[in-house]
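See below for the structure under consideration.
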Amino acid sequence: MLRFVVFCLFLFSFSACFDDKDDSSSQSSQTTLPLQSSNILSDSARWDSRENLTDPETLYVRCASCHGKDGKSVAPGSVGNVLIASLNKEQVIESLKGFRSQTLSKGGNSVIMYMQTKNLSDADIEALGAYIDAF
């Protein structure tokens, strides 16, 4: 019985930490969350918008998470440890089209690369090839 009472007191005091009273600390954290959410939504909307997809800088945002902002990072789990910065435009285009059509296999990353390329047009891939070739 004592354990139950202690447990209830703990829950009561713990729930007080998340009370929605209008003190300045909780108000400031509530103010910043919508801004962060709207930034995420605007990034998502920007990425889903077809007119922005041919901009190679915008396209490369997804690539940079694994390959680095300059193409000089080896993607985790990649086969052959190839830096995309070392590839020329034609090699990048050939690879991206191979991943998109699921005819190029580079181990487990082929699935990831397919997911990244499946909605890219030929123009998008050409733009990415030129952008990466400039590294």
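Numbered per mature numbering (1 follows the signal peptide of the UniProt record, and there is no 0), the sequence shown spans residues -18 to -1, 1 to 117.
Cβ atoms here follow ideal geometry from the backbone N, Cα and C, with glycine treated the same way.
Do we get a CB-CB distance below 8 Å when we pair residue i with the residues of chain D?
i: Ala105; result: Protein chains in the displayed structure number just one, and chain D is not present.
If you draw a straight line from the alpha carbon of residue i to that of residue j, how long is it in whole angstroms?
i: Ser68; j: Ser83; result: 23 Å
i: Ala46; j: Gly53; result: 7 Å
i: Arg44; j: Ile75; result: 16 Å
i: Glu72; j: Val61; result: 20 Å
i: Ser103; j: Leu65; result: 23 Å
i: Ala109; j: Phe117; result: 13 Å
i: Gly89; j: Phe81; result: 11 Å
i: Cys48; j: Tyr96; result: 14 Å
i: Thr70; j: Ile114; result: The amino acid occupying residue 70 in the given sequence is Asn; Thr does not appear at that position. So the alpha carbons of these two residues sit roughly 8 Å apart.
i: Leu86; j: Thr40; result: 24 Å
i: Gly50; j: Val56; result: 8 Å
i: Lys100; j: Arg(-16); result: 56 Å
For residue i, which of helix, strand or coil comes out of DSSP?
i: Lys88; result: strand
i: residue 149; result: The shown model of the chain, from -18 to 117, leaves out residue 149, and the question about it has no answer.
i: Val64; result: coil
i: Asp52; result: coil
i: Asp106; result: helix
Are residue i and residue j close, meaning C-beta to C-beta below 8 Å?
i: Ala112; j: Pro38; result: yes
Any heavy atom of the ligand ZN within a distance shorter than 7 Å of the CB on residue i?
i: Cys45; result: With respect to small molecules bound, the structure shown includes none, and the ligand ZN cannot be examined in it.
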